[in-house]
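Line by line, the protein sequences are chains Z and B. Residue numbers are given in our numbering: position 28 of the first sequence equals residue 34, and the series is strictly consecutive. Residue numbers are given in our numbering: position 418 of the second sequence equals residue 424, and the series is strictly consecutive.
Protein chains: 2
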Amino acid sequence: MLTYAMEDRGGLPLYEYLYRCIRRDILSGALAAGERLPSKRALAEHLRLSVITVEGAYSQLEAEGYVYTRPKQGFFVCPVQQVPEPPRPAVIPPEPVPPVWKLDLARNQADSSRFPAATWARLTRQVLSEGSFLTPGPHQGLYALRRAIADDLRARKGMTVSPEQVVIGAGAEYLYILLAQLLGRQSVVAVEDPGYPKIRQVYRKYGVSCRPIPLDRQGMDPASLAASGATAVHLSPNHHYPTGTITTIGRRQTLLRWAEDQDATIIEDDYDSEFRFAGRPIPALQSIDTGGRVVYMNTYSQTISPSMRMGFMVLPPRLLERYRRELGFYACAVPVLDQHVLARFLSGGYYEQHLSRMRKEYRTRRDAVLAAFRSSPFAGRVTISEQGAGLHFLLRLDTALDDETLRQRAESLGVRLAFLSEYSTDPREAYAHTLVVNYGGLEPEHLAETMSLLAEVLAE
Amino acid sequence: MLTYAMEDRGGLPLYEYLYRCIRRDILSGALAAGERLPSKRALAEHLRLSVITVEGAYSQLEAEGYVYTRPKQGFFVCPVQQVPEPPRPAVIPPEPVPPVWKLDLARNQADSSRFPAATWARLTRQVLSEGSFLTPGPHQGLYALRRAIADDLRARKGMTVSPEQVVIGAGAEYLYILLAQLLGRQSVVAVEDPGYPKIRQVYRKYGVSCRPIPLDRQGMDPASLAASGATAVHLSPNHHYPTGTITTIGRRQTLLRWAEDQDATIIEDDYDSEFRFAGRPIPALQSIDTGGRVVYMNTYSQTISPSMRMGFMVLPPRLLERYRRELGFYACAVPVLDQHVLARFLSGGYYEQHLSRMRKEYRTRRDAVLAAFRSSPFAGRVTISEQGAGLHFLLRLDTALDDETLRQRAESLGVRLAFLSEYSTDPREAYAHTLVVNYGGLEPEHLAETMSLLAEVLAE
Numbered sequence: 007m008l009t010y011a012m013e014d015r016g017g018l019p020l021y022e023y024l025y026r027c028i029r030r031d032i033l034s035g036a037l038a039a040g041e042r043l044p045s046k047r048a049l050a051e052h053l054r055l056s057v058i059t060v061e062g063a064y065s066q067l068e069a070e071g072y073v074y075t076r077p078k079q080g081f082f083v084c085p086v087q088q089v090p091e092p093p094r095p096a097v098i099p100p101e102p103v104p105p106v107w108k109l110d111l112a113r114n115q116a117d118s119s120r121f122p123a124a125t126w127a128r129l130t131r132q133v134l135s136e137g138s139f140l141t142p143g144p145h146q147g148l149y150a151l152r153r154a155i156a157d158d159l160r161a162r163k164g165m166t167v168s169p170e171q172v173v174i175g176a177g178a179e180y181l182y183i184l185l186a187q188l189l190g191r192q193s194v195v196a197v198e199d200p201g202y203p204k205i206r207q208v209y210r211k212y213g214v215s216c217r218p219i220p221l222d223r224q225g226m227d228p229a230s231l232a233a234s235g236a237t238a239v240h241l242s243p244n245h246h247y248p249t250g251t252i253t254t255i256g257r258r259q260t261l262l263r264w265a266e267d268q269d270a271t272i273i274e275d276d277y278d279s280e281f282r283f284a285g286r287p288i289p290a291l292q293s294i295d296t297g298g299r300v301v302y303m304n305t306y307s308q309t310i311s312p313s314m315r316m317g318f319m320v321l322p323p324r325l326l327e328r329y330r331r332e333l334g335f336y337a338c339a340v341p342v343l344d345q346h347v348l349a350r351f352l353s354g355g356y357y358e359q360h361l362s363r364m365r366k367e368y369r370t371r372r373d374a375v376l377a378a379f380r381s382s383p384f385a386g387r388v389t390i391s392e393q394g395a396g397l398h399f400l401l402r403l404d405t406a407l408d409d410e411t412l413r414q415r416a417e418s419l420g421v422r423l424a425f426l427s428e429y430s431t432d433p434r435e436a437y438a439h440t441l442v443v444n445y446g447g448l449e450p451e452h453l454a455e456t457m458s459l460l461a462e463v464l465a466e
Numbered sequence: 007m008l009t010y011a012m013e014d015r016g017g018l019p020l021y022e023y024l025y026r027c028i029r030r031d032i033l034s035g036a037l038a039a040g041e042r043l044p045s046k047r048a049l050a051e052h053l054r055l056s057v058i059t060v061e062g063a064y065s066q067l068e069a070e071g072y073v074y075t076r077p078k079q080g081f082f083v084c085p086v087q088q089v090p091e092p093p094r095p096a097v098i099p100p101e102p103v104p105p106v107w108k109l110d111l112a113r114n115q116a117d118s119s120r121f122p123a124a125t126w127a128r129l130t131r132q133v134l135s136e137g138s139f140l141t142p143g144p145h146q147g148l149y150a151l152r153r154a155i156a157d158d159l160r161a162r163k164g165m166t167v168s169p170e171q172v173v174i175g176a177g178a179e180y181l182y183i184l185l186a187q188l189l190g191r192q193s194v195v196a197v198e199d200p201g202y203p204k205i206r207q208v209y210r211k212y213g214v215s216c217r218p219i220p221l222d223r224q225g226m227d228p229a230s231l232a233a234s235g236a237t238a239v240h241l242s243p244n245h246h247y248p249t250g251t252i253t254t255i256g257r258r259q260t261l262l263r264w265a266e267d268q269d270a271t272i273i274e275d276d277y278d279s280e281f282r283f284a285g286r287p288i289p290a291l292q293s294i295d296t297g298g299r300v301v302y303m304n305t306y307s308q309t310i311s312p313s314m315r316m317g318f319m320v321l322p323p324r325l326l327e328r329y330r331r332e333l334g335f336y337a338c339a340v341p342v343l344d345q346h347v348l349a350r351f352l353s354g355g356y357y358e359q360h361l362s363r364m365r366k367e368y369r370t371r372r373d374a375v376l377a378a379f380r381s382s383p384f385a386g387r388v389t390i391s392e393q394g395a396g397l398h399f400l401l402r403l404d405t406a407l408d409d410e411t412l413r414q415r416a417e418s419l420g421v422r423l424a425f426l427s428e429y430s431t432d433p434r435e436a437y438a439h440t441l442v443v444n445y446g447g448l449e450p451e452h453l454a455e456t457m458s459l460l461a462e463v464l465a466e
């Protein structure tokens, strides 16, 4: 008869302790395959337990397949592999620790300390009090949010968009994943060179080929695009990252004609275009697309915070039908709570207020940063090129050092730099010796310090 | 000289109205390519505007590539395609309207009306008041959340997991997307047949082949698995959807040996296993995996709400290293705010309390539903099979009607049914005439009504 010291069970319920004892004996081979267990009544009497306790243990063993029953004969041990020793704990590779920088010019991130967190919190409390955050929403995203986005695009960018065309996604990378699936693995996507590397990374993970296309001062080179065999193009015509180039109207028309002739799709990735410091916003390519070739996409990472993971795309009718047919099974990846809050933040006018405040704030900051660079000890050896928009500018260095040497010297001084050459697959000299200066995080009060640190990095 | 009626500008700023007038003339061909614009001073005088206004309009036109400058000669019109007419508004396919059902037994969804929304709201207010929700978190997810998940897995399932192994994702489908990329397109994934169709859909979208493997009462058939050429298997050993089958310990050991011999990966998708009504939780396959072959994944869709879009996976060391190397560039797709709140909900013990309350609630509901079925007019013609877990059970009908005829009859009466045959690619008779009854949304007070409606649907 099975004998176990039930008093050793610690805090476990009796049935669970008994289950564990029998399980151990089965796994060690002490109870062999085919062996019959004592009847519930007999074991209960033997161990001074209730029949219900033994029944609980036997049921659990049966549910997990350690024992089986034969009608009117009782419980029998199943054949299992004997486990001689407890498994050794696995060695887990430790979490990589991100380095701490004295100065980080590579981080292209808005300063979220200026975000109206109190307003966001108030709107969140409002939504929470209404309880609707537990009700799942439509797969393309909450209609109220899509309408608010369509209204915002009309008001701020003159775009005509219907809420039906909008698909909400959990940030730019998630939207790239959806786009890769929408375009399909057989497609060839032309991407900007230089350009944002994550776009290529995501497409390639999906097996979509990418063709880097060089840029000139008007935008993507049409001859290279035509020769590339691309079936789609992914670009940022309103503010290219990191050069800031704005695609000219002539080039836009050429792109649209190319897309119509080739039955191709244009992805207009409107990354980092909101902070334009002079004049009016550049009209979206989508707004002059009469052939339904353009997918417009944007996120709130640069304007609210990258911690939000919210973005959207606007699909032309042809792709909207394909999306619903082929990808409509994906539930919207953004929590319903956050969708409700963003909808109110947009439709309440808080987003536009925030943008206009930040535009002034960043213009002041940019002016201070540019002034500091121009009066720095290395001012004679740098050429700044900036297009009056975005939270970064390019700084070309007159130096004999190559980018890698400069990077290493900077790192040894606790400074992280970004180089234009990192954004390109093209080894051209034109892209060397050029820093991408992301100034969104540079506090005006620390500029003097920043400049003397940079003087050390850039010393000849 | 260009002449425009500046008084017709409506609410537009002067510079913007002037920019629009000139742009229209360029696009219509009234201003031809190569033509020189009047000097800023001359145009300002002519239209009685300030030079700054004209400068604003010219700068905007230049930024968008409608005009260009030649040093000391002024502004010239760029060649653009003439646009004869305003684009017609596109016809947007209307949003599909989901049908409204009198009774929906196909919806496998927890009843979120019982969720402690007030606690969730309080924790959210707490996080909002601390401001940290605007600070981006690590790509694998907030460490505090990953620790809370590891602790919960230890306490409730006896799993030994380090927070470093946990990757947070925006719901099951997003995790499937990551897994498809982690396994790679050259892999062949064995999936359960019958099984959850979205798993196959997501893998296939990514180009990963799926091989449906039949199940018997012990779980996935090992001979079919071995013959399939699969390099990975995706299954729900603790509670198969929709049959409820629990993979036996012997079969689990066979799976692990297969994975070790074949250098294969096992995805343990622990979908809908939390609500087990008798005994203790089934130990995870991951907890007996000494070879590091198992990825464990789960979400909070069934236990909190599908509106939350939060889940996680636990990677064994080998795949964790690959994940960091190849997919570490993906930022965590869940908003930081929601991650903080879930971390507190877990570590504060609220999740466990909620599960235990809901387990009782669903047991009562299930008992009432089963009793109602057993005393229904059609009780003599149905066989119920259920495994004491999950928010659904199988109901085999003694009927001459095929599933499609039954479905249509149900729909005409406003009833949505789910059939086991929908979950399978196998046309076997064994899967016919079997309803998957999702009872999570059936209110006990409406059971009598539900039964008479079903009696009508199932009438001979």
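Glycine residues also receive a C-beta, built at the ideal position from the N, C-alpha and C atoms.
Taking 8 Å as the cut-off, the beta carbon of Z/PHE81 is found closer than this to the beta carbon of Z/LEU43.
Residue range 194-199 is occupied by the beta strand (DSSP E) that includes B/GLU198. For B/GLU392, no alpha helix (DSSP H) run applies, since DSSP gives it neither H nor E. DSSP places Z/CYS216 within a strand segment (E or B) once states are collapsed to three. In the three-state DSSP reduction, B/VAL208 falls in the helix class (H, G or I).
Ranked by how close their Cα comes to the Cα of B/PHE139, the residues Z/PRO142, Z/ARG153, Z/ALA123, Z/GLN146 have Z/ALA123 in first place. Taking the Cβ atoms as the reference, B/ALA50 lies roughly 52 Å from Z/ALA339, outside the contact range of under 8 Å. Annotation for B/ARG258: GLY225, PRO243, LEU291, ILE294 place their beta carbon closer than 8 Å to its own, counting only its chain and skipping 5 residues before and after. Per the DSSP secondary-structure output, B/PHE425 pairs in a beta bridge with B/LEU441. Taking one beta carbon from each stretch, the stretch 240-254 of chain Z and the stretch 192-201 of chain Z have 3 or more pairs nearer than 8 Å; the two touch.
Beyond the five residues adjoining it in sequence on each side, Z/VAL347 comes within less than 8 Å, by CB distance, of TRP126, LEU129, THR130, VAL133 in the same chain, given in chain order. Residues of the same chain with a CB within less than 8 Å of the CB of B/GLY256, apart from the 5 flanking positions on each side, are GLN224 in chain order. For Z/ASP275, there is no enclosing alpha helix (DSSP H); the residue is found in the beta strand (DSSP E) stretching over 271-275.
The beta carbon of Z/VAL97 falls within 8 Å of a beta carbon belonging to chain B, placing the residue at that interface. For Z/HIS398, the beta-bridge partners assigned by DSSP are Z/ASN444. Within the stretch 65-88 of chain Z, those residues whose Cβ lies closer than 8 Å to any Cβ of chain B are, in chain order, SER65, GLN66, ALA69, GLU70, GLY71, TYR72, CYS84, PRO85, VAL86, GLN87. Within a 10 Å sphere around the beta-carbon of B/THR370 sit fewer than 16 other beta-carbons, which makes this residue exposed. About 3 Å separates the beta carbons of Z/TYR21 and Z/GLY62, which is inside the 8 Å limit, making them a contact pair. Assigned with DSSP and collapsed to three states, B/THR411 falls in helix. Between the stretch 181-189 of chain B and the stretch 323-338 of chain B, the count of C-beta pairs closer than 8 Å reaches three or more; the two stretches touch.
Per the coordinates, the alpha-carbon of Z/TYR180 lies some 12 Å from the alpha-carbon of Z/ASN304. Collapsing the DSSP output to three states places B/GLY62 in a helix.
Within a 10 Å sphere around the beta-carbon of Z/TYR202 sit 16 or more other beta-carbons, which makes this residue buried. From the listed residues Z/LEU231, Z/THR237, Z/VAL421, the smallest Cα separation to Z/VAL214 is found for Z/THR237. The beta carbon of B/PHE121 sits closer than 8 Å to the beta carbons of ILE310, SER311, HIS360 from its chain, once the five residues preceding and following it are set aside; these are given in chain order.
Contact between the stretch 136-154 of chain B and the stretch 165-172 of chain Z is absent: fewer than three C-beta pairs spanning the two stretches fall below 8 Å. Z/MET165 and B/ILE98 have their C-alpha atoms spaced approximately 15 Å apart. Separation of Z/VAL442 and Z/HIS240 (C-alpha to C-alpha, rounded to the nearest whole angstrom) is 21 Å. Between Z/SER279 and Z/ILE288, the beta carbon gap of about 7 Å places them in contact (Cβ cut-off 8 Å). If you draw a 10 Å sphere on the C-beta of Z/TYR74, you find fewer than 16 other C-beta atoms in it, and that means exposed.
Annotated as proximal: Z/VAL301 and Z/MET319, with beta-carbon spacing under 8 Å. Here B/MET7 has PRO44, HIS52 as same chain residues with Cβ atoms under 6 Å from its own Cβ, once five neighbours each way along the sequence are excluded. Between Z/PRO105 and chain B, the shortest Cβ-Cβ separation is not below 8 Å. Between B/GLY317 and B/GLY446, the CB-CB gap reaches or exceeds 8 Å. The alpha-carbon of Z/ARG387 is positioned some 13 Å away from that of Z/VAL463.
Just measuring C-alpha positions, the residue of B/VAL194, B/TYR212, B/ASP117 sitting nearest B/PRO218 is B/VAL194.
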